[in-house]
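Before any comments, here is the structure.
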Amino acid sequence: MPVIDVHAHMFPQSGIKAWKEGREWFGATVTKGATGPATIRQGKNETKYSRTEFWVPYRERIPYMDANGIDVQTLSLNPQMIRDLWEPKSTIDFSKSVNDELSEAVAESPTRFEGLGNLPLQDTDASVRELNRCMTELGLKGFLCASHVGGRRWDDPSLFPVLEEAERTGAFILIHPFNNLIVEYGIMPRYHLINLIGNPMETTVAAASLILGGVMDKLPKLKVCLSHAGGYLPFAAGRFDHAFGRRDDVSGKAGRLPSDYLKAFYYDCISHSDDGLKFVVEQVGTDRILVGTDFPADMGLEKPSEFLAKQDYLTAADRMKIESENALKLGFGKRGVAKH
Ligand SMILES: [Zn+2]
Numbered sequence: 000m001p002v003i004d005v006h007a008h009m010f011p012q013s014g015i016k017a018w019k020e021g022r023e024w025f026g027a028t029v030t031k032g033a034t035g036p037a038t039i040r041q042g043k044n045e046t047k048y049s050r051t052e053f054w055v056p057y058r059e060r061i062p063y064m065d066a067n068g069i070d071v072q073t074l075s076l077n078p079q080m081i082r083d084l085w086e087p088k089s090t091i092d093f094s095k096s097v098n099d100e101l102s103e104a105v106a107e108s109p110t111r112f113e114g115l116g117n118l119p120l121q122d123t124d125a126s127v128r129e130l131n132r133c134m135t136e137l138g139l140k141g142f143l144c145a146s147h148v149g150g151r152r153w154d155d156p157s158l159f160p161v162l163e164e165a166e167r168t169g170a171f172i173l174i175h176p177f178n179n180l181i182v183e184y185g186i187m188p189r190y191h192l193i194n195l196i197g198n199p200m201e202t203t204v205a206a207a208s209l210i211l212g213g214v215m216d217k218l219p220k221l222k223v224c225l226s227h228a229g230g231y232l233p234f235a236a237g238r239f240d241h242a243f244g245r246r247d248d249v250s251g252k253a254g255r256l257p258s259d260y261l262k263a264f265y266y267d268c269i270s271h272s273d274d275g276l277k278f279v280v281e282q283v284g285t286d287r288i289l290v291g292t293d294f295p296a297d298m299g300l301e302k303p304s305e306f307l308a309k310q311d312y313l314t315a316a317d318r319m320k321i322e323s324e325n326a327l328k329l330g331f332g333k334r335g336v337a338k339h
């Protein structure tokens with residue numbers, strides 16, 4: 000059974016091509032030294048990418064995957080490149096380019112890669128169109144969606160048509176933290192807290208918005224995976240339940256107790272904590288857990304099978320579900336068993 004990673008990131012090769020040719024890249028400038036990090040600049044924003052694994056052609060990732068026991072890696076755009084505040088036209092072109100490239104990477108190595116596309120979410124109609132193109136023409140399995148879209152949360156009515164179409168087409172939605180507002184407000188200035196605290200917080204806000212906004216009631220078949228073992232959601236659900244019985248502004252839209260929705264989501268296994276993952280498994284069961292690596296981020300989980308093997312509360316059958324069967328049921332990894 001193939002080990003299927005649903006959470007790994009890519010840096011578009013089109014950006015590297017633009018850098019080599021000294022061209023602008025969808026309104027951004029890419030620079031890179033011979034060995035130093037790559038930098039993407041757009042306006043006052045500047046993002047550095049130091050891991051060379053980002054830069055290699057997709058096929059050259061396969062030795063890293065083999066070394067880490069990953070048979071199928073699901074590629075999605077590096078979340079720092081999400082353009083929720085950019086003008087829509089350039090973002091629509093950017094999304095199409097990224098999705099075409101993902102589709103080509105999957106076609107080139109069909110037993111090793113799957114793809115989650117990018118949507119230009121500041122334009123709902125364009126997103127619905129692109130979602131359909133990705134699901135029907137490009138062979139992608141779904142989308143990485145940031146925890147917010149320019150500050151709009153996932154209970155915002157303007158985003159509902161995208162989720163409605165995702166449910167209809169069976170698209171898998173990986174909710175990924177996007178901490179740009181935390182960075183902008185400067186409330187976690189040191190110790191990488193924007194990631195250590197900010198990222199799980201962002202995922203939790205996204206999940207809470209889907210639950211308390213009634214979206215999960217309206218779209219019961221929506222396939223949503225929460226990054227990083229659900230952020231704080233499994234741990235915070237009791238607090239939500241407490242408020243649900245006491246505050247109309249919490250209970251107004253959801254049909255059930257917030258904790259009842261925990262099993263409506265999927266969760267990757269990137270907890271970096273044995274006890275943390277055990278708690279999530281106790282809350283939602285092994286049917287809802289998937290392998291994620293966050294490759295090639297420094298906050299990633301490099302060897303998920305080794306991590307899962309040391310969880311003594313998981314049986315061999317449980318591990319097989321998490322590593323493979325759950326993702327296969329969601330449509331990942333069906334192009335044959337990888338040979339490596
Ligand atoms: Zn990630």
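If you're matching positions, the sequence shown starts at 0 in numbering that gives the first Met the number 0 and goes up one per residue.
Virtual Cβ for every residue (Gly too), placed ideally from N, Cα, C.
Neighbour-count burial assignment, residue i, 16 or more Cβ in a 10 Å radius
i: residue 315; result: exposed
i: residue 205; result: buried
i: residue 56; result: exposed
i: residue 222; result: buried
i: residue 32; result: exposed
i: residue 272; result: exposed
i: residue 170; result: buried
i: residue 65; result: exposed
i: residue 305; result: exposed
i: residue 48; result: buried
i: residue 103; result: exposed
i: residue 302; result: exposed
i: residue 93; result: buried
i: residue 257; result: buried
i: residue 27; result: buried
i: residue 241; result: exposed
i: residue 190; result: exposed
i: residue 20; result: exposed
i: residue 312; result: exposed
Residues bridged to residue i [DSSP beta-bridge criterion]
i: residue 200; result: Paired residue(s): none; residue 200 is not in a bridge.
i: residue 149; result: Residue 149 is not bridged to any residue.
i: residue 40; result: 28 and 45
i: residue 7; result: 74 and 294
i: residue 112; result: 72
i: residue 61; result: Answer by DSSP bridge pairing: none, since residue 61 is not bridged.
i: residue 173; result: 143 and 224
i: residue 265; result: 224
DSSP three-state assignment for residue i, whether helix, strand or coil
i: residue 222; result: strand
i: residue 122; result: coil
i: residue 288; result: strand
i: residue 260; result: helix
i: residue 155; result: coil
i: residue 79; result: helix
i: residue 270; result: coil
i: residue 330; result: coil
i: residue 309; result: coil
i: residue 276; result: helix
i: residue 22; result: coil
i: residue 167; result: helix
i: residue 241; result: helix
i: residue 180; result: helix
i: residue 300; result: coil
i: residue 186; result: coil
i: residue 132; result: helix
i: residue 314; result: coil
i: residue 215; result: helix
i: residue 84; result: coil
i: residue 67; result: coil
i: residue 98; result: helix
i: residue 325; result: helix
i: residue 161; result: helix
i: residue 320; result: helix
i: residue 252; result: coil
i: residue 341; result: Shown here, the chain extends from 0 to 339; a query on residue 341 therefore has no answer.
i: residue 233; result: helix
i: residue 2; result: coil
i: residue 209; result: helix
Heavy atom of ligand 2 within 8 angstroms of residue i beta-carbon
i: residue 51; result: As far as ligands go, the structure on display features ligand 1 and does not contain ligand 2.
9 angstroms Cβ cutoff, residue i in contact with chain C
i: residue 4; result: Absence of chain C from the displayed structure is noted, only one protein chain being present.
query: Whose CB is closer than 7 angstroms to a heavy atom of ligand 1? List the residues in chain order.
result: 6, 8, 78, 175, 226, 293 and 296
message: Is it the case that the segment 79-88 contacts the segment 54-70, given that we only count it when at least three CB pairs across the two stretches are under 8 angstroms?
response: no
task: Would you be able to state if there are at least three C-beta pairs under 8 angstroms between the segment 174-181 and the segment 193-208?
output: yes
query: Does the segment 121-132 come close enough to the segment 156-173 to have 3 or more Cβ pairs within less than 8 angstroms?
result: yes
task: Please determine if the segment 102-117 and the segment 206-222 are in contact, where contact requires at least 3 C-beta pairs separated by less than 8 angstroms.
output: no
task: Would you be able to state if there are at least three C-beta pairs under 8 angstroms between the segment 277-289 and the segment 220-237?
output: yes
- prompt: For the 8 angstroms Cβ check, are there 3 or more pairs between the segment 284-294 and the segment 312-326?
  reply: yes
message: Within 8 angstroms, do at least three Cβ pairs link the segment 131-148 to the segment 74-86?
response: yes
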